[in-house]
Amino acid sequence: MVQSDRIDLRRRMRDMEQKLEHERQDYRDVNSDFSRQYKTMQIELTNKVKRLETEVNELNEELALCQEVLRREKRERQQMEQEKDATIADLRHKLDNMEIDYEKILHDTLDSLTCQLSVARQGLEDKSPTLHQNYKGLLSELGQNALEF
Numbered sequence: 001m002v003q004s005d006r007i008d009l010r011r012r013m014r015d016m017e018q019k020l021e022h023e024r025q026d027y028r029d030v031n032s033d034f035s036r037q038y039k040t041m042q043i044e045l046t047n048k049v050k051r052l053e054t055e056v057n058e059l060n061e062e063l064a065l066c067q068e069v070l071r072r073e074k075r076e077r078q079q080m081e082q083e084k085d086a087t088i089a090d091l092r093h094k095l096d097n098m099e100i101d102y103e104k105i106l107h108d109t110l111d112s113l114t115c116q117l118s119v120a121r122q123g124l125e126d127k128s129p130t131l132h133q134n135y136k137g138l139l140s141e142l143g144q145n146a147l148e149f
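Each step along the sequence shown adds one to the number in the UniProt record's numbering, with nothing skipped, and position 109 is 109.
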């Protein structure tokens with residue numbers, strides 16, 4: 001069933017491709033015929049047209065080309081400005097995010113450092129009486145009075 005559907009679809013696809021190719025060939029033939037007819041008419045009319053009319057047509061074509069070039073360049077400039085604005089907005093967004101991230105890192109680091117200093121201070125405060133006692137004992141053994149220092 002699936003195989004026959006597949007074969008049928010392929011056959012229809014080939015038929016459509018052949019029809020398309022025939023249409024393309026017909027189009028090329030008609031286009032070629034129109035081109036020949038146009039060239040013949042153009043030659044006949046060119047022989048009848050005065051020199052000034054030819055110059056006017058050439059100037060009109062040049063004007064149309066210049067206008068198209070101008071429109072294209074305006075579109076390109078607009079696109080470049082939009083891309084530039086998008087890039088600037090993206091970079092500003094990234095910069096804002098980096099600023100927030102660095103601020104968080106700084107706060108986290110300062111909080112961690114504060115915590116570590118607090119733990120170290122508490123440890124020193126806990127050991128302080130013992131250390132003082134030990135040093136008093138050592139000074140006493142050496143015959144010194146701790147209050148003199």
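Each residue gets a CB set at the ideal place from its N, CA and C atoms; glycine is no exception.
Asked: Under 9 Å between C-beta atoms of Leu138 and Asn145; Found: no
Asked: Between the CA atoms of Arg24 and Asp8 - distance to the nearest angstrom; Found: 24 Å
Asked: Backbone secondary structure at Met41 - three-state DSSP; Found: helix
Asked: Leu124 CB to nearest heavy atom of the ligand FMN below 8 Å; Found: Because no ligand of any kind appears in the structure shown, any question about the ligand FMN cannot be addressed here.
Asked: Minimum length 4: unbroken alpha helix (DSSP H) runs contained in the region 27–101; Found: none
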